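Each remark here refers to the structure printed beneath this line.
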Amino acid sequence: MNFSAPPAPRNAVLFDLDGTIIRSHDGIIESIHAVLRDLGHEPDLSIDLTWVVGPPLRDLLAHILAHYGDDRVDEAMDLYRRHYEGGGMRKSPVFDGMRHVIESLHAAGTRLFIATSKPRYLARKILHLRDLSQYFDGMSGARADDSGAEKPELIAALLREHDVARNHALMIGDRRFDITGAHANHVRALGVLWGYGGHDELVAAGADALVSQPGELLEAIDTQFRLMAKHAA
């Protein structure tokens, strides 16, 4: 009796959303400033808020409010959701070249996923708004109340729920959370430099490689999967 070998697992790419696929900085900062005004503060425009794209919402709002001597984090979160969903999320265009990357990977049969600290329902709205949702096989994100936003747990859940083999998976993101979250799950990770983390942050986090622009990403992904296949041989 002849037994055929089981099919090899398909390669899977896990994408961060903010700072990797979409340029979300302006909408997020605008929403934060609106929250501060609602709470009676005049936003200090001298403060660099580039870092706010990536961390869990509760952590970043608590940090920002502390600058104003304010601890109303729960109220700030409710206000932020109202402002961001009311307009901020629409100021999140796709980075030039990323649509081509996503469409090309999908056409090649690569499984595509989103691993984001954003609430899952909100990430779905953004992907739908940008006509990208049809390319993704699944998504892992925070719960509606912004809990469960830590990247190690989000990536672990995605791998488990979608039966993704770690040695056929690659995480792509712009912040240290993406790199360390992937490595905590024994998944390789590419750091992208068009987002909000920057070279030094991604190197310190241990990114397996850095990519300067979306036009170089497909080749970088192919290189990583070739390395995985070589190590598995």
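Quick note: the sequence shown uses full-length UniProt numbering, first residue 1, plus one each step.
Each residue gets a CB set at the ideal place from its N, CA and C atoms; glycine is no exception.
Just so it is clear, the structure is predicted and the values come from calculations on it, not from any experiment.
Subject >> Completely contained alpha helix (DSSP H) runs for the segment 117-183, where each covers 4 or more residues >> reply: Look at the segment 117-183 and you find these whole runs of alpha helix (DSSP H), each 4 residues long or longer: 120-129, 151-161, 176-183.
Subject >> TYR196 to ASP163 span [Cα, whole Å] >> reply: If you number the sequence shown from 1, residue 196 lands on position 196. If you number the sequence shown from 1, residue 163 lands on position 163. About 30 Å.
Original post:
Roughly how many angstroms lie between the CA atoms of GLY19 and THR116, to the nearest whole one?
Top reply: For this step, residue 19 is matched to residue 19 along the sequence shown. For this step, residue 116 is matched to residue 116 along the sequence shown. Taking the straight line from one Cα to the other gives about 11 Å.
Subject >> Contact under 8 Å by Cβ, GLY138 with GLU161 >> reply: Taking the first residue of the sequence shown as 1, we reach residue 138 at position 138. Taking the first residue of the sequence shown as 1, we reach residue 161 at position 161. Yes; because the gap between Cβ atoms is below 8 Å, this pair is in contact.
Subject >> Three-state class that DSSP yields for PHE15 in the structure shown >> reply: Here residue 15 refers to the residue found at position 15 of the sequence shown. Three-state DSSP puts PHE15 in a strand.
Subject >> Rounded distance between the beta-carbons of GLU85 and LEU122, thought under 8 Å >> reply: Sequence index remark: in the sequence shown, residue 122 carries index 122 (1-based). Sequence index remark: in the sequence shown, residue 85 carries index 85 (1-based). That belief holds up - the Cβ atoms of LEU122 and GLU85 are roughly 7 Å apart, short of 8 Å.
**OP:** Could you check what DSSP says for ALA108 in three-state terms: helix, strand or coil?
**Re:** Numbered from its first residue, the sequence shown carries residue 108 at position 108. In the structure shown, the three-state DSSP call for ALA108 is coil.
Original post:
Between the C-alpha atoms of HIS41 and TYR68, what's the straight-line distance to the nearest angstrom?
Top reply: In the sequence shown, residue 41 corresponds to position 41, counting from 1. In the sequence shown, residue 68 corresponds to position 68, counting from 1. Rounded to whole angstroms, HIS41 to TYR68 spans 7 Å at the Cα level.
Original post:
Based on Cα-Cα distance, which residue from ILE64, ARG226, PRO55 lies nearest to SER46?
Top reply: Indexing the sequence shown from 1 puts residue 46 at position 46. Comparing Cα-Cα distances from SER46 to each of ILE64, ARG226, PRO55, the minimum goes to ILE64.
**OP:** Would you mind reading off the limits of the beta strand (DSSP E) that contains ALA209?
**Re:** Translated into positions along the sequence shown, residue 209 becomes position 209. Counting along the chain, the beta strand (DSSP E) containing ALA209 begins and ends at 209-211.
Subject >> Alpha-carbon to alpha-carbon, GLY27 and LYS118 >> reply: Taking the first residue of the sequence shown as position 1, residue 118 is located at position 118. Taking the first residue of the sequence shown as position 1, residue 27 is located at position 27. The alpha-carbon separation between LYS118 and GLY27 amounts to approximately 14 Å.
Original post:
From MET98 to ALA76, what distance separates their C-alpha atoms?
Top reply: On the sequence shown, residue 98 is found 98 positions in, with the first residue counted as 1. On the sequence shown, residue 76 is found 76 positions in, with the first residue counted as 1. Cα to Cα, the separation comes out at about 32 Å.
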